[in-house]
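Numbering (full-length UniProt numbering), first residue to last: 1 to 336.
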Amino acid sequence: MLIPDDQILWYPAARKKGLEIIRQYGIDAIFSTSGPYTNHLVARYLKRKTGLPWIADFRDPWTQNMHRSGIRWREWLEERMERSVHHEANMTLTVTHSFAKNFNEKFGAAITRLEVIHNGYDPADYEALRDVKKEPQDEDRCVFMYAGIFYQERNPRLLLRAVRELIDEGALDRERIVLRFAGVFDYPGYSDNIDAVHELGLTDIVEILGNLPHKQALKKMKQSDILLLVGDTAPESGAYIPGKLYEYLAIGHPILALSMPGESTKLIEKYGLGETADPLSLEEIKRAVKKLYEDWKSGTAQKEQQAQEKSMLKYQRREQARRLAELLNEITGSRR
């Protein structure tokens, strides 16, 4: 068992190399990002040795992560490590306001300074998709698209049931809808999801593409009409914004988010990016699917998409890099 993670094995070499780089290039500030959390321990050592200002960036929580070990003595040790990182860093940076709130509640006065810069996307990465069109066979079909991994706590079964019931109720036209899934549809050793497709009689509208190269998956997303975001059902999952959501922002199609209330749902609702639903509520999922399908049929979704583009500027990498540069200038100001 390696603490805090497997990368602790290169901690001695990283400390040595870090000092070499600082001395060779006249570095003005230290920036560490996690995971792995060992990065922060290396940066802490370098800060102690050099006195350079240091920003500790948390892309995910450390000891407040929803995938904790459950081993009490290990969690106690890692909490001490994390507390020292927050205390010794000149600034703690994280990617959601929920993470920041949780840090404050747990570590309080130990944190020197806390800032939030969201994740985002680079429009240049999506330039090649600008002129991508739907496949001819999909022109008259509403395509729901998901790319990612399903497992027991995150699965599409309630969505499949919702679609089946909406078809039976006449709210969806069976011949005008397709659910397309790329990635891992059933986690190895399980068949619950594909079994549900067969049991619900949806084999004609569910397409399972398997694993695709990232560029091909992005193309499939662009060729769809509705982008599916299926989140974990644990209550604390609402504090996270999955990286996939930022891909969806770049592509620009309406989003169906089956996510616990929190950061992702607030973002989607604030900017009118689609519909959100409790992933454990059949009725909420039915309402959201029906609304998006009706918007697609009426052409409303395309008009809303054009109106949203300006509001997404703050989530572009250029804007986030500008903000990070400001913070680095602040903490290094006394050294210039």
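Cβ coordinates follow ideal geometry from the N, Cα and C atoms, glycine included. This structure is a prediction, so every number in the text was calculated from the model and none was measured.
Residue range of the unbroken alpha helix (DSSP H) whose run includes residue i
| i | result |
| --- | --- |
| Y246 | G243 to I251 |
| S281 | Careful: S281 lies outside any alpha helix (DSSP H) and carries neither H nor E. |
| K50 | Note that residue 50 is Thr in the sequence shown, not Lys. Segment T38 to T50, the alpha helix (DSSP H) holding T50. |
| A13 | Y11 to Y25 |
| W76 | R72 to E88 |
| D57 | Where D57 is concerned, there is no enclosing alpha helix (DSSP H), although the beta strand (DSSP E) it sits in stretches over W54 to F58. |
| V163 | R157 to D168 |
Cutoff 8 Å; reference residue i; Cβ partners in own chain excluding five residues on either side
| i | result |
| --- | --- |
| T233 | E153, R154, M260, P279 and L280 |
| L9 | L2 |
| T265 | G238, A257, S259 and T276 |
| E139 | none |
Boundaries of the beta strand (DSSP E) in which residue i is found, first to last residue
| i | result |
| --- | --- |
| R180 | I177 to V184 |
| A257 | I255 to L258 |
| A128 | Counting along the chain, A128 falls outside any beta strand (DSSP E), and DSSP gives it neither H nor E. |
| F99 | From DSSP, F99 is part of no beta strand (DSSP E) but of the alpha helix (DSSP H) over H97 to F107. |
| T33 | I30 to S34 |
Neighbourhood of residue i by C-beta, 7 Å cutoff - its chain only, sequence neighbours within 5 removed
| i | result |
| --- | --- |
| P61 | F99 and N102 |
| A43 | I30, S32, W54 and A56 |
| Y315 | H118, G120, Y121, Y246 and L249 |
| G123 | Position check: residue 123 holds Pro in this sequence, whereas Gly was assumed. Excluding residues within five positions, the ones whose Cβ falls inside 7 Å are A250 and Q316. |
| R194 | In the sequence as displayed, the identity of residue 194 is Ile instead of Arg. Result list for I194: F185 and D186, in chain order. |
| T63 | E75, E78, E79 and E82 |
Rounded Cβ spacing between residue i and residue j (contact assumed at less than 8 Å)
| i | j | result |
| --- | --- | --- |
| G51 | D5 | Contact doesn't hold; Cβ gap of about 27 Å is too wide. |
| M312 | L249 | 5 Å |
| I268 | T96 | 14 Å between Cβ atoms; not a contact. |
| V197 | L160 | 6 Å |
| T222 | L212 | As written in the sequence, residue 222 is Lys, which differs from the Thr given in the question. Incorrect: roughly 13 Å between the Cβ atoms, too far for contact. |
Closest residue to residue i among the options (Cα-Cα distance)
| i | options | result |
| --- | --- | --- |
| I177 | M91, I71, I117 and W296 | W296 |
| E207 | G189, V184, K49 and E75 | V184 |
| V85 | W73, F58, E75 and V230 | F58 |
| T94 | L229, R113, R80 and L77 | R113 |
| E88 | Y45, F150, Q223 and H67 | Y45 |
| K49 | R15, A147, E78 and G201 | R15 |
| F150 | G210, N104 and I205 | G210 |
| Y293 | L179, L327 and K215 | L179 |
| L158 | K291, E175 and L282 | L282 |
6 Å CB neighbourhood of residue i in its chain, flanking five on each side removed
| i | result |
| --- | --- |
| K17 | none |
| P253 | The displayed chain sequence assigns His, not Pro, to residue 253. Excluding sequence neighbours, H253 sits near L227. |
Contact with chain C by residue i, beta-carbon distance below 8 Å
| i | result |
| --- | --- |
| L228 | Here chain C cannot be found, since the structure has a single protein chain. |
Item to complete: Answer yes if the region 160–180 comes into contact with the region 281–292, meaning at least three C-beta pairs across the two stretches below 8 Å, and no otherwise.
Response: In the pairwise beta carbon analysis, the region 281–292 is classified as touching the region 160–180: at least three pairs are separated by under 8 Å.
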